[in-house]
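Contents: one structure, followed by commentary.
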Amino acid sequence: MQGFAYEAPSSLEALRARLAAAQGAGELTQVLAGGTDLLVQMKQGQRAPGLILDIKRVGETQALAVDGDTLVIGASVPAAKAKAFPLVAEAFPGLAHAIDLIGSSQIQGRASLGGNLCNASPAGDTIPALIANGFEAQILTAEGLRTLPVEAFVTGVGKNALAAGEVLLALQAPVPGPRSGDAYQRFTPRTEMDIAVVGVGARLTLDDAGVIASARIALGAVAPHAFLAEAAGAALVGTRGEPEALEAAAAAAMEAAKPISDKRGSADFRRRICGVLVKRVVAQALERCTTEGAK
Amino acid sequence: MSEAMDFKVIGTRPIRPDGVDKVTGRASFGADFSLPGMLEGAVLRSPHAHARIKSINTDKALAAPGVKAVVTGADFPQVAAGAIEGGEGGGDFADLAGNVIARGKVRYHGHAVAAVAAQSRAQALAALALIEVEYEPLPAVLSLDAALAESAPLIDEGLMTSGLPEPAAAPSNLASVIEMGNGDLEAGFAEAALIIERRYQTPTVHQGYIEPHACVGRWGQDDQAMLWCCTQGAFDVRSMTAKVLGQPVGSLKVIPSEIGGGFGGKTTVYLEPLALQLSKKSGRPVRMVMTREEVFRATGPASAATIDLRMGFSSDGKITAAEAIMAYEAGAFPGSPVGPGTMCVFAPYRIANFRIKGMDVLVNKPKAAAYRAPGAPQALFATESAMDEAAQKLGIDPIELRLRNAVEEGDSAIYGPKFGPIGLRACLEAAAAHPHYTKAKDAGVGRGVAVGFWFNVGLQSSAEVHINEDGTVTVIEGNPDIGGSRASMALMAAETLGVPYESVRVVVADTETAGFSNVTGGSRVTFATGMAVVEASKDIIAQCCSRAASLWSTDEDMVEWRDGAVHPRPGVNVEATPLSLKDLAGQAGRMGGPLLGKASLNARGAGPGFSVNLCDALVDQETGQVQVKAFTAIQDAGKAIHPSYVEGQLQGGAVQGIGWALNEEYVYSPDGIMENAGFLDYRIPVASDLPMIETQIIEVPNPGHPYGVRGVGETPIVAPLAAVANAVSASAGVRMTELPLSPPRVLEALDQA
Ligand SMILES: Cc1cc2nc3c(=O)[nH]c(=O)nc-3n(C[C@H](O)[C@H](O)[C@H](O)COP(=O)(O)OP(=O)(O)OC[C@H]3O[C@@H](n4cnc5c(N)ncnc54)[C@H](O)[C@@H]3O)c2cc1C
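Residue numbers (our numbering), protein chains in the order written: chain A, 13 to 307; chain B, 2 to 754.
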């Protein structure tokens with residue numbers, strides 16, 4: 013690992029100023045949240061920043077609150093805190109599970125959702141859950157703030173929509189209403205300490221008659237970045253999640269998936285597992301609509 | 002030994018003496034050692050699986066900041082061919098030297114080409130990038146089929162197959178052939194009511210020890226050298242390193258650190274000769290530590306194997322004939338464990354008509370190293386899968402089928418000698434009665450049974466027992482403690498001497514302090530080094546008796562050792578209070594000096610180890626994922642000196658075997674680069690993948706050991722491969738013959754079912 017400078021600005025203004033200065037000076041800068049991706053990548057020689065900017069002292073990145081109808085999770089909030097936040101645990105059990113899959117307790121003491129998202133691994137576990145739940149990314153720009161839906165934030169393998177000098181500040185989503193439920197499952201050969209071969213997130217909401225009124229299904233590890241499988245969701249709307257509806261959603265997801273073959277699985281295998289997981293995840297989310305979500 | 006032996010401390014479960022240091026992080030492992038002025042070494046490794054080295058230029062690296070020395074193959078002597086004795090992997094010194102650093106040719110991706118020592122690791126790594134190597138890439142040979150093909154590229158142009166009836170006419174990648182047989186094979190098959198004939202395949206796997214290889218080497222101006230390293234055998238490191246460097250054995254002192262796992266993979270040398278040569282050139286001590294990636298790319302895999310098996314059975318389940326044609330990948334140099342594989346493949350059974358052929362085959366992969374019962378897991382995976390299928394087809398309970406064929410005391414083993422008392426039948430009977438076997442299976446679950454076997458070895462060991470002036474005991478021996486052997490040595494010394502366990506301290510000493518001992522391997526330490534400790538303790542007892550007799554002015558045969566003290570024999574008319582170790586040690590200065598007992602021996606009579614494993618597995622029919630729901634390991638330990646550490650061996654072997662069966666494998670790119678050289682994608686099981694591994698120790702004492710011990714370290718990994726595969730086959734409803742049983746492979750099989 014090469015030598016580097018480390019700084020930890022303690023306000024938004026200081027962070028913005030430091031980013032601008034670094035950009036002006038052409039310093040290779042890397043934002044640090046938990047460092048559980050970044051440090052590994054530096055040790056493996058994949059990244060060699062000249063400046064590391066730790067954002068954990070910027071209060072906005074540590075926010076964890078319900079603001080009216082909106083859940084806000086600061087970009088550097090550690091996974092352990094985020095998953096234990098009552099609203100996350102109660103109304104977003106799928107997201108909470110996705111967070112809980114990251115590494116181990118030790119890793120979760122540091123790893124953030126913001127880092128998971130910015131790292132933009134096709135297999136990042138929280139990303140499909142964030143997309144399914146309609147999260148938006150709140151971004152600090154040179155002039156102010158902008159927001160982007162998470163599905164537009166990830167743009168490629170390890171690539172995100174941040175321009176030079178921009179930083180992710182927080183993630184925010186509407187608090188779900190009644191008769192709504194989410195779920196996330198991933199497929200890995202091992203039970204833990206593994207990387208998703210396929211990840212599927214879903215958020216469903218039912219109308220008073222128990223018919224699916226809205227359905228968002230997001231897929232991970234089957235394309236260069238996680239994405240919203242709109243046709244899969246559409247296949248469920250207007251149904252009660254009957255077996256044929258699940259089959260149709262699975263078929264649509266498999267159609268939308270563009271997996272590669274690599275050491276973690278062939279394209280065919282991934283596509284097939286994607287179909288299986290969509291059915292299982294939708295069934296689980298549906299169950300939550302009528303139980304937990306029904307409050 | 003008598004079966005009615007009444008033990009005082011043997012069979013109890015005291016805390017191991019190295020335990021506190023290990024759980025508090027105070028124990029020193031290979032990478033923990035440092036010396037003033039020490040340099041950091043790093044290795045340049047081949048980017049090709051197979052290539053000729055046309056030139057190496059190290060000038061720029063030598064001139065780089067902080068660099069003190071660079072070595073290449075040209076800095077090492079040519080080593081003459083000669084068999085390596087006493088190790089577990091076997092092999093040849095010339096091949097060992099060629100594996101330590103390439104000369105002329107690189108034979109696998111990761112093969113060491115040069116090494117640098119610099120003031121910091123960063124400087125050493127930067128210098129590696131400045132070494133200019135010109136390669137002429139050659140086609141890589143990556144499978145048994147490719148290696149044995151007619152026009153296969155030759156990995157070693159001079160390699161003539163040994164073991165053929167006629168001398169080989171031309172070089173090939175087939176290093177050697179082994180054949181054995183007995184009876185009339187075809188007549189046996191003609192008698193059979195059922196013949197199982199299949200090809201079984203197992204992948205290249207790694208031992209997966211958690212501690213990477215590490216050492217510090219210091220060359221002295223007087224040409225005396227010292228090595229601190231993590232190893233399973235300091236004496237083997239000494240002889241191998243001396244050979245690779247062309248130095249006399251006595252000029253090298255090796256000090257073993259604590260060891261974070263080896264499983265056979267630390268019975269050879271990789272970094273040690275490089276570190277010493279760099280130290281010699283630089284005049285400074287040099288530390289070398291592998292990364293996990295280097296461990297995968299350049300150290301000890303276990304051989305991938307292909308076994309064509311044919312077994313015939315009478316309708317009542319007797320084996321009428323058996324044939325095995327076994328090809329094992331040696332890696333880039335000869336020496337796969339196909340030899341022991343051929344000896345193990347049918348070892349558990351009485352078979353009158355059989356033929357076995359083994360082939361040791363070169364491929365462009367790292368040189369295979371020993372891994373727990375080398376060669377046996379692959380072999381028994383085949384046989385025990387066939388036994389399971391036969392049981393199914395004959396409608397005979399799988400344990401019953403094995404009981405009908407099991408070897409017993411007095412039977413001639415297929416590999417030659419007559420079995421003494423052995424525990425196969427006892428293990429099978431215990432398995433049949435075990436609650437795991439008698440309780441009903443859950444829906445969808447498959448249950449698998451398999452037998453395991455390993456010879457166990459004796460070899461050479463030494464021990465000293467020192468009685469300190471207060472009567473406490475110091476045992477000095479030379480076998481690195483991997484599985485709790487200090488505790489077992491202390492228990493055997495305490496039992497023999499009649500003193501408390503707590504008063505015995507066991508020291509694992511360096512090559513100049515302890516007498517010679519072969520590696521910690523072959524499941525030999527509790528057996529052979531334990532025997533040396535017992536004999537050295539008996540030497541102490543003899544000296545104590547002699548001293549007491551002279552004190553009491555009587556003859557030695559008038560006194561006896563009982564309960565930790567010398568007593569006059571019953572009926573002998575001597576007025577005397579018994580003399581304890583403490584009494585006699587306290588008077589040593591007046592009575593012939595320090596009490597020091599010694600033993601060195603070549604242990605004969607190692608007792609073979611048999612096991613039976615039971616596995617329940619559930620296959621997810623939609624994804625091919627396997628869940629191991631229950632696992633029971635039953636094994637004959639002869640006598641469990643410390644039952645907890647025997648159970649630990651059974652559990653650890655089961656877990657490694659489950660990993661081998663389910664997910665572990667080297668994934669290679671078409672040009673021979675391992676694509677999963679890390680623990681993220683080389684999947685050893687994690688705790689949540691496993692059920693509690695239940696154990697049951699069977700004790701059929703080994704008459705070759707004073708307390709009945711037989712080795713227990715290796716047998717545990719032999720049965721799990723087939724136990725898991727049989728369970729998966731049952732749950733999936735399709736016979737699985739190729740490992741690992743990863744989800745894609747199982748799903749594919751389900752499709753074809
Ligand atoms: C042992 C282990 C197991 C793991 N298991 C999993 C797993 O099961 N599933 C999974 O998805 N991941 C896993 N990970 C990966 C990692 O822990 C997660 O991706 C984690 O969420 C990253 O968060 P972090 O805060 O540590 O990110 P960091 O390492 O701090 O940052 C990651 C990247 O994002 C950038 N970045 C971070 N925050 C911002 C920001 N606010 N604005 C702009 N850029 C930013 C950084 O510059 C860096 O490039 C594992 C990692 C380890 C070491």
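Virtual Cβ for every residue (Gly too), placed ideally from N, Cα, C.
- Query: What's the C-alpha gap between MET2 of chain B and GLY705 of chain B?
  - Reply: Low local confidence applies: a pLDDT of 46 at MET2 of chain B is under 50, so the model's placement there is unreliable, with the coordinate-based value given in what follows. Their backbone Cα atoms lie some 8 Å apart in a straight line.
- Query: Out of curiosity, what's the CA-to-CA distance linking ALA724 of chain B and ASP361 of chain B?
  - Reply: Each residue's Cα considered, the two are about 26 Å apart.
- Query: When the Cα of ILE1 of chain B is compared with those of B:PRO257, B:ILE320, B:ILE85, which residue comes out closest?
  - Reply: A question about residue 1 of chain B goes unanswered here, because the residues of chain B that appear run from 2 up to 754.
- Message: Less than 7 Å separating the Cβ of ILE85 of chain A from some heavy atom of ligand 3?
- Response: The model on display carries ligand 1 but not ligand 3.
- Roughly how many angstroms lie between the CA atoms of GLY136 of chain A and ALA45 of chain A, to the nearest whole one? Computed Cα separation, rounded: 16 Å.
- Task: Could you spell out the range, first to last residue, of the beta strand (DSSP E) harbouring VAL613 of chain B?
- Result: If you look at VAL613 of chain B, you'll find it in the beta strand (DSSP E) that goes 610 to 620.
- Message: Relative to the C-alpha of THR200 of chain A, which candidate in B:ARG487, B:LEU681, B:ILE699, B:GLU212 has its C-alpha closest?
- Response: For THR200 of chain A, the nearest C-alpha among the options comes from B:LEU681.
- State the start and end residues of the unbroken beta strand (DSSP E) segment that holds GLN697 of chain B. First-last of the beta strand (DSSP E) with GLN697 of chain B: 694 to 699.
- Under the three-state DSSP convention, the category MET2 of chain B falls into: Annotation note: pLDDT 46 at MET2 of chain B (below 50); position unreliable, coordinate value reported separately. Coil at MET2 of chain B, not helix or strand.
- Item | Residues that GLU676 of chain B contacts on chain A, provided the C-beta gap is smaller than 7 Å | Among the residues of chain A, those whose CB is under 7 Å from the CB of GLU676 of chain B are LYS275, following chain order.
- Message: Short of 6 Å in beta carbon distance, which residues of its chain neighbour TRP661 of chain B, apart from the five on each side in sequence? Order them along the chain.
- Response: Beyond the five residues adjoining it in sequence on each side, TRP661 of chain B comes within less than 6 Å, by CB distance, of VAL206, LEU722 in the same chain, given in chain order.
- Proximity of GLY193 of chain A and LEU298 of chain A at Cβ, strictly below 8 Å: Taking 8 Å as the cut-off, the Cβ atoms of GLY193 of chain A and LEU298 of chain A count as close.
- Which residues in the same chain have their Cβ closer than 7 Å to the Cβ of ALA103 of chain A, if we skip the five residues on either side of it in sequence? Closer than 7 Å at Cβ, skipping near neighbours: VAL187, PRO188.
- Query: Which residues does DSSP pair with GLY211 of chain A in a beta bridge?
  - Reply: Bridge pairing for GLY211 of chain A: A:ARG198, A:GLY232 [DSSP].
- Of all Cβ atoms in chain A, is any one closer than 8 Å to the Cβ of PRO721 of chain B? Not one chain A Cβ lies under 8 Å of PRO721 of chain B.
- Task: For LYS630 of chain B, write down the residues that DSSP places opposite it in a beta bridge.
- Result: LYS630 of chain B pairs with nothing; no bridge assigned.
- Query: Smallest Cα separation from ARG283 of chain A: which of A:LEU248, A:THR302, A:VAL209?
  - Reply: ARG283 of chain A has its Cα closest to that of A:VAL209, out of A:LEU248, A:THR302, A:VAL209.
- Message: Given the structure, does ARG122 of chain A come close to ligand 1, in the sense that its CB is under 7 Å from one of the ligand's heavy atoms?
- Response: It does: the Cβ of ARG122 of chain A is within 7 Å (strictly closer) of some heavy atom of ligand 1.
- Task: Measure how close the beta-carbons of THR716 of chain B and GLN636 of chain B come, nearest whole angstrom, since I'm counting them as under 8 Å.
- Result: So it is a contact: roughly 6 Å between Cβ atoms.
- Task: At 9 Å on the CB atoms, spell out the chain C contacts of VAL629 of chain B, in chain order.
- Result: Structure shown: chain C not included; protein chains present are A and B.
- Message: Below 8 Å, how does it come out for the region 117 to 135 of chain B and the region 38 to 47 of chain B: are there three or more Cβ pairs, yes or no?
- Response: Inter-segment contact for the region 117 to 135 of chain B and the region 38 to 47 of chain B is present: three or more beta-carbon pairs are separated by less than 8 Å.
- Task: Could you list the residues in the region 202 to 233 of chain A with a C-beta less than 9 Å from some C-beta on chain B, going in chain order?
- Result: Those would be ARG202, THR203, GLU204, MET205, ASP206, ILE207, VAL209, in chain order.
- Query: Quick one: is the Cβ of GLN124 of chain B within less than 7 Å of any heavy atom of ligand 1?
  - Reply: Between ligand 1 and GLN124 of chain B, a heavy atom-to-CB distance of less than 7 Å is absent.
- Any 3 or more C-beta pairs closer than 8 Å across the region 302 to 318 of chain B and the region 268 to 279 of chain B: No, the region 302 to 318 of chain B does not touch the region 268 to 279 of chain B.
- Please list the residues of the region 280 to 306 of chain A that have a C-beta atom closer than 8 Å to any C-beta atom in chain B, keeping them in chain order. With the criterion set as a beta carbon lying under 8 Å from some beta carbon of chain B, the members of the region 280 to 306 of chain A are PHE281, ARG284, ILE285, VAL288, in sequence order.
- Query: When we look at the beta-carbon of LYS244 of chain B and count the other beta-carbons within 10 Å, is it buried (16 or more) or exposed?
  - Reply: By the 16-neighbour rule on beta-carbons within 10 angstroms, LYS244 of chain B is buried.
- Query: Comparing the C-beta of ARG684 of chain B with each C-beta of chain A, is any distance below 8 Å?
  - Reply: Judged by the 8 Å Cβ criterion, ARG684 of chain B is in contact with chain A.
- What does PHE199 of chain A touch in chain B if you count any residue whose Cβ is under 9 Å from its own? Here the neighbours are THR624, GLN626, PRO744.
- Endpoints, beta strand (DSSP E) assigned at ASP361 of chain B: Note, ASP361 of chain B: beta strand (DSSP E), 355 to 363.
- Message: Does THR13 of chain B come out as helix, strand or coil in the three-state DSSP assignment?
- Response: Residue state, collapsed to three classes: coil.
- So which of B:LYS366, B:ARG403, B:SER743, B:GLU192 has the shortest CA-CA distance to VAL156 of chain B? For the record, residue 156 of chain B in the displayed sequence is Ile; it is not Val. Considering only alpha carbons, the answer is B:LYS366.
- Message: Could you pull the DSSP bridge partners for PRO462 of chain B from this structure?
- Response: Strictly speaking, residue 462 of chain B in this sequence is Ser, with Pro absent from that position. Beta-bridge partners assigned by DSSP to SER462 of chain B: B:LEU602.
- Query: Expressed to the nearest angstrom, what Euclidean distance is found between the alpha-carbon atoms of ASP690 of chain B and ALA214 of chain A?
  - Reply: Cα to Cα, the separation comes out at about 26 Å.
- Task: Under 7 Å between beta-carbons, which chain A residues line up against ASP540 of chain B? List them in chain order, please.
- Result: Under the 7 Å cutoff, chain A gives no residues; its nearest Cβ is about 51 Å from ASP540 of chain B.
- Query: Does the beta-carbon of PRO745 of chain B have 16 or more other beta-carbons within 10 angstroms, so that it is buried, or is it exposed?
  - Reply: Burial call: buried.
- Message: Could you check whether the Cβ of SER278 of chain A sits closer than 8 Å to any Cβ belonging to chain B?
- Response: By this cut-off, SER278 of chain A is an interface position.
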